[in-house]
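Below is one structure, written out as structure tokens, with a few remarks after it.
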Amino acid sequence: MGISYSVSEKLADSTDAMACNVIQCRNDSVLHLADGTVVYLAGGSNLSIANNFGKKDRTVALTGEAFFEVAKGTLPFIVSTGKVDIKALGTQFNVFNYPSEELTV
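In terms of this note's numbering, the sequence shown has 81 at position 93, counting the first letter as 1, and numbering is strictly consecutive.
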């Protein structure tokens, strides 16, 4: 399937260092997060998800490209790119964050 997981990494640019799962995709993949959010992760992209995702916040870190269908909730859904944090409560949007490119939302 082209997905690998790595546990106990640190969420990029998080003020609270926390253990997380890093999802690395070789091919385009669809991920279903615990809060109901659906992530269409482009091949070659990495998504970091905190182990406590959904408890005090819904923050993920992205390198590469993803389309998010954010589940509605009371906690903001935050995509951290290292350059900017994108906050949403329930919407759809695409983000690409490649180290050699300008950020595009």
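Idealized CB from N, CA, C, for every residue including glycine. In this text, all values refer to a predicted model and were calculated from it rather than measured experimentally.
Nearest-angstrom Cβ-Cβ length linking A30 and C8, presumed shorter than 8 Å | Not confirmed; about 20 Å, so no contact.
Buried or exposed: G52, going by 16 or more other Cβ atoms within 10 Å of its Cβ?
-> Counting Cβ neighbours within 10 Å, G52 comes out buried, since at least 16 surround it.
Would you give the residue range spanned by the beta strand (DSSP E) that T47 belongs to?
-> DSSP places T47 inside the beta strand (DSSP E), whose first and last residues are 46 to 57.
Determine the extent of the beta strand (DSSP E) in which K75 is found, giving its start and end residues.
-> Residues 73 to 76.
State the Cα-Cα distance for the pair A76 and V18, rounded to the nearest angstrom.
-> Whole-angstrom Cα-Cα distance: 19 Å.
On the three-state DSSP scale, how would you describe N34?
-> Looking at N34 - three-state DSSP - the assignment turns out to be strand.
Is the Cβ-Cβ distance between T79 and I66 less than 7 Å?
-> In this structure, the beta-carbon distance from T79 to I66 does not fall below 7 Å.
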